[in-house]
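Sequence lines, in order, name chains A and B.
The working numbering puts the first sequence at residues 440 to 688.
The working numbering puts the second sequence at residues 440 to 688.
Ideal placement from N, C-alpha and C gives every residue a C-beta, glycine not left out.
Protein chains: 2
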Amino acid sequence: MKPQPARRSSPGVPRCERCTLHARCLPLGLELDALHSFEAIIQVPQALKRGQALVRQGEPFENLYVVRSGSLKQSVAQPGQRDQVTHFYLPGEVVGLDAIGEAECHGSVVALESAFVCELPFTRLEDLAEQLPELRGQLYRCMSRELRRDQRMMCLLSGRTADQRLASFLLGLSERFRARGFSPFCFRLSMSRSDIANYLGLALETVSRVLARFQEQGTIAVAGREMTLLDIESLEGLAREGVGLRGVN
Amino acid sequence: MKPQPARRSSPGVPRCERCTLHARCLPLGLELDALHSFEAIIQVPQALKRGQALVRQGEPFENLYVVRSGSLKQSVAQPGQRDQVTHFYLPGEVVGLDAIGEAECHGSVVALESAFVCELPFTRLEDLAEQLPELRGQLYRCMSRELRRDQRMMCLLSGRTADQRLASFLLGLSERFRARGFSPFCFRLSMSRSDIANYLGLALETVSRVLARFQEQGTIAVAGREMTLLDIESLEGLAREGVGLRGVN
DNA sequence: TGGTCGACTTGATGCAGGTCAATCAACGTT
DNA sequence: AACGTTGATTGACCTGCATCAAGTCGACCA
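Okay, here's the thing in structure tokens:
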């Protein structure tokens, strides 16, 4: 696996400037010197195999991670309940923001496929942020963006139909792929039906059925984990669809 | 800015040291000088009447607010959908974290009853945070706490029964009241059934029915908006209750 | 004193989607 | 080739809760 010699020597430590995610990653907007200081605190990237855990719930919180390639899921285990999948992380997204200021990681994060992540020791990041207002801003922005994402998710889970949830989910993925330069129409689902179901608060059979229905309506074409969005328009219609729970007050 | 001259006069500008929320508020852990600098950026507290809006969705984002007394709700309006209540804010909680880094406020916040809030212009807060690591830390911590809270909410909305949602909701409120020095057993719901229903992703009739059932089981006593938790144990049992959606994989 | 409004409760009904169960396809593994 | 395993699909059934609808209880006003 790679030539990867010493510890943090050259081949491993990434040059952010060259990274394809440059435009969507944490150090976005940093000056050149700042960028170099930033690069200096990045640990050698970790390679993860499918199913391998990046962080385990309850471990002491020490690092943030940025996904370079591949994808991961976060899930939290609650007392007597089944686990809940809370996030899927795609390249450029930051893992661990929800543990800042806590002693321990509050969810487990595992790779859904082979993945690389950049490791950022949080204390060093914090020190650096002390000197770099831009970096601070980026951190705030990331967290606040995640807050908004979670709220959108809450809206989704709160009284949307299975169709709406799936449609939104697919559109959301599509959008994220587009933003990263991949095709927004045709992609591979790295997560299982069961992960999707859990994430969306549905039974996995329902996910299967709804996808099948979408398919026979000609909205999507799905074969296993290969997904093609044929008719974005109508997907958006499905996602909106003002039925749901009774009106206002 | 010590003896506090002109600007917007004395009675308003709060002394954090004397504030009863001191121990749970943003400036927690600041040194005395730091605290004074912090106080200096607080605008004169706003008084809100029931139903009055503190921020409106889409307005330019400029301030964070800390609730001093009373309570508020945040709701976001989406395209063709009914509004979704995303938060209830109690004294000591910070309004607006989810808009940081955005141009506009992404939800409306209105008072559920007479309320006071401290206004913190965000740019000044940011400048101050540049010099006060403690304050920075507090900001991070607040945001990250909110992230965790949202995630807990997502878990709640994702495949918990109406009973579990209500039970968790009541316990959550109870906990927050306790933390603020109020009775955790007996409190007034400042929000309507419809707000609760919307927040929990239920129909308001369901809320009504479940509360009635809890009452006849002797778990709570509820009369209009006066709520008494009679049997916390059994509420916790209800909140846990491992039924829900099918198990793991 | 009655009228109207808003917040809440209660009853009856139907359906979306959860649950149980069987089957199948794609893999390794031996 | 036979086997187990894991993920996905599909069918049949049943229940929790949304929905529709009516009724109650104040509070406020004329």
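Going by beta carbon distance, what residues of the same chain come within less than 6 Å of residue i, once the five residues before and after it are set aside?
i	result
residue 688 (chain B)	Per-residue confidence for residue 688 (chain B) stands at a pLDDT of 42, beneath the threshold of 50, marking its modelled position as unreliable; no derived number is given.
residue 645 (chain B)	601
residue 703 (chain A)	Nothing about residue 703 (chain A) can be read from this structure; chain A reaches only from 440 to 688.
residue 472 (chain A)	none
How many Å lie between residue i and residue j at the Cα?
i	j	result
residue 443 (chain B)	residue 496 (chain A)	Because residue 443 (chain B) carries a pLDDT of 42, less than 50, the predicted location of this residue cannot be relied on, and the following value inherits that uncertainty. In a straight line, the C-alpha of residue 443 (chain B) is about 48 Å away from that of residue 496 (chain A).
residue 574 (chain A)	residue 542 (chain A)	23 Å
residue 651 (chain A)	residue 521 (chain A)	26 Å
residue 440 (chain A)	residue 663 (chain A)	With a pLDDT of only 43 at residue 440 (chain A), under 50, the local geometry of the prediction cannot be trusted, and no value is derived from it.
residue 678 (chain B)	residue 535 (chain A)	27 Å
residue 592 (chain B)	residue 604 (chain B)	9 Å
residue 583 (chain B)	residue 581 (chain A)	11 Å
residue 689 (chain B)	residue 476 (chain A)	Nothing about residue 689 (chain B) can be reported from this structure: the residues present for chain B run from 440 to 688 only.
residue 446 (chain B)	residue 507 (chain B)	Reliability fails at residue 446 (chain B), whose pLDDT of 44 lies under 50, so the model's placement of it is uncertain and the value that follows must be treated cautiously. Between residue 446 (chain B) and residue 507 (chain B), the C-alpha separation is close to 21 Å.
residue 459 (chain B)	residue 531 (chain B)	9 Å
residue 571 (chain A)	residue 558 (chain A)	19 Å
residue 479 (chain A)	residue 470 (chain A)	14 Å
residue 658 (chain A)	residue 643 (chain A)	20 Å
residue 716 (chain B)	residue 649 (chain B)	Lying before the first or after the last residue shown, residue 716 (chain B) is absent from chain B, which here runs from 440 to 688.
residue 576 (chain A)	residue 515 (chain B)	24 Å
residue 680 (chain B)	residue 585 (chain A)	30 Å
residue 590 (chain B)	residue 589 (chain A)	7 Å
residue 661 (chain A)	residue 626 (chain B)	52 Å
residue 457 (chain B)	residue 481 (chain A)	44 Å
residue 628 (chain B)	residue 628 (chain A)	44 Å
residue 676 (chain A)	residue 587 (chain A)	22 Å
On the three-state DSSP scale, how would you describe residue i?
i	result
residue 552 (chain B)	coil
residue 666 (chain A)	strand
residue 539 (chain A)	coil
residue 518 (chain B)	coil
residue 562 (chain A)	helix
residue 690 (chain A)	The structure shown does not extend to residue 690 (chain A), since chain A spans only 440 to 688, so no value can be given for it.
residue 626 (chain A)	strand
residue 513 (chain B)	strand
residue 525 (chain B)	strand
residue 508 (chain B)	strand
residue 455 (chain A)	helix
residue 594 (chain A)	helix
residue 503 (chain A)	strand
residue 557 (chain A)	strand
residue 547 (chain B)	strand
residue 678 (chain A)	helix
residue 651 (chain B)	helix
residue 467 (chain A)	coil
residue 493 (chain B)	strand
residue 642 (chain A)	coil
Less than 7 Å between the C-beta atoms of residue i and residue j, yes or no?
i	j	result
residue 474 (chain B)	residue 455 (chain B)	yes
residue 666 (chain A)	residue 551 (chain A)	no
residue 634 (chain B)	residue 524 (chain B)	yes
residue 579 (chain B)	residue 539 (chain A)	yes
residue 608 (chain B)	residue 668 (chain B)	no
residue 492 (chain B)	residue 549 (chain B)	yes
residue 554 (chain A)	residue 509 (chain A)	yes
residue 517 (chain A)	residue 526 (chain A)	no
residue 601 (chain A)	residue 674 (chain A)	no
Which residues in the same chain as residue i place their Cβ atom closer than 8 Å to its Cβ, once the five residues preceding and following it in sequence are excluded?
i	result
residue 544 (chain B)	494, 495, 496, 497, 498, 499, 500, 535, 538
residue 561 (chain A)	500, 501, 502, 503, 535, 539
residue 656 (chain B)	673
residue 528 (chain B)	506, 510, 511, 512, 513, 534, 548
residue 654 (chain B)	660, 661
Following a CB-centred definition, is residue i positioned closer than 6 Å to any heavy atom of the ligand SAH?
i	result
residue 479 (chain A)	By its list of ligands, the structure shown contains no ligand whatsoever, and the ligand SAH lies outside what it can speak to.
Using C-beta distances below 7 Å, list every residue in its chain close to residue i, excluding the 5 sequence neighbours before and after it, in chain order.
i	result
residue 647 (chain B)	632
Is the number of C-beta pairs between the segment 618-629 of chain B and the segment 561-571 of chain B that are closer than 8 Å three or more? no
Using 8 Å as the cut-off, can you tell me whether the segment 625-642 of chain A makes contact with the segment 589-607 of chain B, which would need three or more C-beta pairs spanning the two stretches below that distance? yes
Does the segment 456-465 of chain B come into contact with the segment 479-491 of chain B, if we say contact requires no fewer than three beta-carbon pairs (one atom in each stretch) closer than 8 Å? no
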